[in-house]
Amino acid sequence: MSDIDARLSALGLTLPPPFTLPPGLRLPFQFVQVRGTRVLISGLGPQGSDGQMAGPFGKVGAELSVEEGYASARLVALSMLSSLKRAIGDLDRVDGWHRVFGMVNSAPGFIQQPQVINGFSDLIIELFGDERGAHTRSAVGMAELPFNIPVEIEAELSIHH
Amino acid sequence: MSDIDARLSALGLTLPPPFTLPPGLRLPFQFVQVRGTRVLISGLGPQGSDGQMAGPFGKVGAELSVEEGYASARLVALSMLSSLKRAIGDLDRVDGWHRVFGMVNSAPGFIQQPQVINGFSDLIIELFGDERGAHTRSAVGMAELPFNIPVEIEAELSIHH
Amino acid sequence: MSDIDARLSALGLTLPPPFTLPPGLRLPFQFVQVRGTRVLISGLGPQGSDGQMAGPFGKVGAELSVEEGYASARLVALSMLSSLKRAIGDLDRVDGWHRVFGMVNSAPGFIQQPQVINGFSDLIIELFGDERGAHTRSAVGMAELPFNIPVEIEAELSIHH
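Written out as structure tokens, the structure reads:
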């Protein structure tokens, strides 16, 4: 068992299965692109253990509290790690996280985007450690997100062979 | 004639001329930056055959339907290819598309951003093929976009010499 | 004194001190990440000479005019240069600016995002020159930004050793 898998287990966390596409939807792009040591990850949302997009749905600051937004951002991290693991085989190959672009579906007047995206950052650092898990970040308020998900996150990281 | 130019012709498509700046506007940045094999492209909008920003203008889900948004995203692809060709000389030099950040000017409650940005992805894949055209992507809802354009897309790709 | 420091002085500009975190807020990420010659910078906001987030706060097109938004984007540039200088020691090490992602907290109907982000681009080009300061850019309208700041900008650049 890899180190990161062991840490996930110790935290009682399980990575979700591949994303189940909603009926009728086409997503003609890669969730993860590996080019040498550089890995780009598409904007991904929260996913449940059934592979489907996971609720609660809606805007943080209206349908969701900050705490629910934080939990949703944590689910995005698990969804991303799941796609990443399928692409690179072993999460221990990750050398470092670089860019995290955190988008929060924001109700009018909601300005606590950093507290929401902390749900993603905290889990990445807990799993990969202070050094490998360190990343730059934006946490900003979107007008709308696909499927009415509360959080979508795009990222870049690097791996070794 | 290059392969990509031939495919554009076969599809009956023409790349627009250089962007005609609206009177009084300064845009002090590069539409395309080439650094070795890496190419960064600024957030670009839909452009018409006269070189000007192309309508319909407004928010998808209000002034524009999903289908009109899709058509606008396709115009963004043509605008981007036009700027790209002027920067690199020959579109056959493109080795791969990497990151596509698709921004949709979204009416309240409009959540079909992926269906809109598919207009960009579909054309890129049609022209460059499943392998070279493959890219990671986000498709998200903005509150407002410059000139009230319905779609703006930023991208990264790589080329050979 | 480095060239860039001398130009800042000649313009009568001073870089702000390290960011003073508002009470109770955790930001578990790096403002600047240096990896070899590549430098990624987190989404940063306007900062005052006291190190705190600088007003005016609110949406451009409502609480702020375009001119005030431009001034705020200029403060973001100074904040970014301040973080960058602490990370790389000497701003003369900058070889080139590459990607600028400019986010404007936009009131409904406000579509002059480019004119606002010009406050950032103009200062970068004034300090680094037309060649080293050249960059690709997006300037787009966000629904909300943290702390109700009017402008947030993310960037990528490269340095030499």
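Chains as they are written, first to last, in the numbering used here: chain P, 1 to 161; chain G, 1001 to 1161; chain A, 2001 to 2161. C-beta: ideal position from N, C-alpha, C; glycine also.
Best match in the options for proximity to residue i [C-alpha to C-alpha]
i: Lys2059(A); options: Ala1143(G), Ser1158(G), Phe1147(G); result: Ala1143(G)
i: Leu2015(A); options: Pro2146(A), Leu2084(A), Val2151(A), Arg2038(A); result: Leu2084(A)
i: Met1053(G); options: Ala1073(G), Gly1036(G), Asp1005(G); result: Ala1073(G)
i: His2160(A); options: Ile2153(A), Val2094(A), Phe2110(A), Pro2022(A); result: Val2094(A)
i: Pro17(P); options: Leu75(P), Asp3(P), Ile41(P); result: Leu75(P)
i: Phe1120(G); options: Phe1019(G), Pro1046(G), Pro1023(G); result: Pro1046(G)
i: Pro146(P); options: Ala1134(G), Asn1118(G), Asn1148(G), Phe1019(G); result: Asn1118(G)
i: Pro1150(G); options: Ser2158(A), Ser2065(A), Gly2141(A); result: Gly2141(A)
i: Leu25(P); options: Glu1156(G), Pro1028(G), Gln1112(G); result: Gln1112(G)
i: Glu1067(G); options: Gly1051(G), Pro1114(G), Leu1021(G), Ile1088(G); result: Pro1114(G)
i: Asp5(P); options: Val39(P), Leu40(P), Phe128(P); result: Phe128(P)
i: Ala2107(A); options: Met2001(A), Asn2148(A), Leu2044(A), Pro2022(A); result: Asn2148(A)
i: Gly1096(G); options: Ala1134(G), Gly1043(G), Val1032(G); result: Ala1134(G)
i: Leu2123(A); options: Ala2062(A), Gln2030(A), Arg2007(A); result: Arg2007(A)
i: Phe101(P); options: Glu156(P), Val32(P), Asp50(P), Leu27(P); result: Glu156(P)
Residue interval of the alpha helix (DSSP H) (run including residue i)
i: Met2053(A); result: First-last for Met2053(A): undefined, no H or E at that position.
i: Arg2007(A); result: 2003-2010
9 Å Cβ cut-off: residues of chain A touching residue i
i: Ile41(P); result: None at all; the shortest Cβ gap to chain A is about 15 Å.
Per-residue contacts from residue i into chain G (C-beta, under 9 Å)
i: Arg35(P); result: Gly1096, His1098, Ser1158
Beta carbon proximity, residue i to chain A, threshold 8 Å
i: Ala1073(G); result: no
i: His161(P); result: no
i: Glu1063(G); result: no
i: Leu1025(G); result: yes
i: Ile111(P); result: yes
i: Glu1154(G); result: yes
Partners in chain G for residue i, counting only beta-carbon separations shorter than 8 Å
i: Ile2125(A); result: Pro1028
Segment limits, beta strand (DSSP E) that includes residue i
i: Arg2038(A); result: 2038-2044
i: Val2060(A); result: It is not in any beta strand (DSSP E) - Val2060(A) carries neither H nor E in the DSSP assignment.
i: Gln1033(G); result: 1032-1035
Beta carbon proximity, residue i to chain G, threshold 8 Å
i: Leu145(P); result: yes
i: Thr2136(A); result: yes
i: Met103(P); result: yes
i: Ser2121(A); result: yes
Residue i: contacting residues in chain P (beta-carbon distance under 9 Å)
i: Met2053(A); result: Near Met2053(A) there are no residues of chain P at all, since even the closest Cβ is about 11 Å away, more than 9 Å.
Interface partners of residue i on chain A, CB under 7 Å
i: Gly141(P); result: Met2142, Ala2143, Glu2144, Leu2145
i: Asn1148(G); result: Ile2111
Chain P contact for residue i (CB, 8 Å cutoff)
i: Asp1050(G); result: no
i: Pro1114(G); result: yes
i: Ser1079(G); result: no
i: Gly1106(G); result: First, the amino acid is wrong: residue 1106(G) is Ser here, not Gly. With 8 Å as the cut-off, Ser1106(G) counts as an interface residue toward chain P.
Report task. Ignoring anything shorter than 3 residues or poking outside the region 2081-2159 of chain A, list the beta strand (DSSP E) runs there in chain order. Result -> Correct list: 2094-2105, 2136-2142, 2151-2159.
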